Amino acid sequence: MTVRERLDAMVDMADMEQKMKETQVYNTATDGVYPIMTGGVWTPGRMILGVQIFPPDIHAVAKEVGAEVFENGTESYFMYKNIAFFSYKGAV
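Position in the sequence shown counted from 1, then plus 75, gives you this note's numbering.
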């Protein structure tokens, strides 16, 4: 699979996770039944949906999809299809 195919699959998974969270009904069998693969990424002004990835070089991954890497205090991230793909600084 190419980098773009992998990211597209993760976007689909993140969208589905979000849909599962939003449609769960508390105190029923659906309560809490969803995967955890996303988190929040702080951008200037707001927090956005993000998916953690573990590349040795996040810049190389971002380049594959024509994205720019941004930095905040703890994370490096790029935007792809309205999802922030992030890696903690210093993590491999």
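The beta carbon of each residue, even a glycine, is placed where N, CA and C say it ideally should be. For clarity, every value in this text was computed on a predicted model and none was experimentally measured.
Apart from the five residues on each side of it in sequence, which residues of its chain come closer than 8 Å, Cβ to Cβ, to residue i?
i: residue 108; result: 95, 99
i: residue 103; result: none
i: residue 79; result: 139, 140
Determine the closest residue to residue i out of the options, with distance taken between C-alpha atoms.
i: residue 155; options: 101, 140, 134; result: 140
i: residue 161; options: 126, 120, 136; result: 126
Within its chain, find whatever has a CB closer than 7 Å to the CB of residue i; leave out the 5 residues flanking it on each side and keep chain order.
i: residue 37; result: Summary: the structure shown does not reach residue 37, with the chain confined to residues 76 through 167, and so no result is reported for it.
i: residue 163; result: 149, 150
i: residue 134; result: 144
i: residue 142; result: 153, 154, 155
i: residue 88; result: 112
Between which two residues does the beta strand (DSSP E) containing residue i stretch?
i: residue 127; result: 121-127
i: residue 91; result: No beta strand (DSSP E) contains residue 91, which is instead part of the alpha helix (DSSP H) from 78-98.
i: residue 136; result: Run containing residue 136: none in the beta strand (DSSP E); it sits in the alpha helix (DSSP H), 133-139.
i: residue 150; result: 150-155
i: residue 159; result: 158-163
In the DSSP assignment, the alpha helix (DSSP H) including residue i goes from what residue to what residue?
i: residue 111; result: Looking at the DSSP string, residue 111 is not in any alpha helix (DSSP H), and its letter there is neither H nor E.
Can you give me the Cβ contacts of residue i inside the same chain, cut-off strictly under 6 Å, excluding the 5 residues immediately before and after it?
i: residue 167; result: Confidence at residue 167 is low in this model, with a pLDDT of 49, below 50, so its placement is unreliable and the value that follows should be read with caution. Hits under 6 Å: 131.
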